[in-house]
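Report on the structure given below.
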Amino acid sequence: FAIDHTKIRGAVTGLTTELMTIQARGDIREAESLLKTRGVIRPEVQRVLDRLSGVPIDIEPRYITAEQLARDTR
2 FAIDHTKIRG
12 AVTGLTTELM
22 TIQARGDIRE
32 AESLLKTRGV
42 IRPEVQRVLD
52 RLSGVPIDIE
62 PRYITAEQLA
72 RDTR
């Protein structure tokens, strides 16, 4: 597989719009349907991900604001 850089912006915008609309409507059935159709890792993508499993992770993000909010809401 390959990324078509001429289409990626539109594809991401479309998917984001779809996800945000489902969330805004609270449409659990549509969310479940989306997971069944798009929440699947295709074999060719899995092969690429498997090749990355040995790559060392030298940067670990910390979400300080989220951590603070979580502490404040307890």
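Count along the sequence shown from 1, add 1, and you get the number used in the numbering used here.
Backbone N, C-alpha and C define an ideal beta-carbon position, used for all residues, glycine too.
As the structure is a prediction and not an experimental result, all values here were calculated from the model.
Worksheet item: Mind pulling the alpha helix (DSSP H) runs of 4 or more residues that sit fully within the stretch 9-35?
Response: The stretch 9-35 is shown to contain whole alpha helix (DSSP H) runs of 4 or more residues at 9-26, in chain order.
Worksheet item: With contact counted as at least three CB pairs below 8 Å, one residue from each stretch, are the stretch 15-23 and the stretch 31-45 in contact?
Response: Cβ pair count under 8 Å is three or more, so yes.
Worksheet item: Could you give the residue range of the alpha helix (DSSP H) that holds Glu68?
Response: Residues 65-73.
Discussion item. I need the straight-line Cα distance from Gly55 to Ile65, nearest angstrom please.
Written reply: Rounded to whole angstroms, Gly55 to Ile65 spans 28 Å at the Cα level.
Discussion item. If the criterion is Cβ atoms closer than 8 Å, does the pair Ile23 and Leu35 meet it?
Written reply: Result yes, Cβ atoms of Ile23 and Leu35 sit closer than 8 Å.
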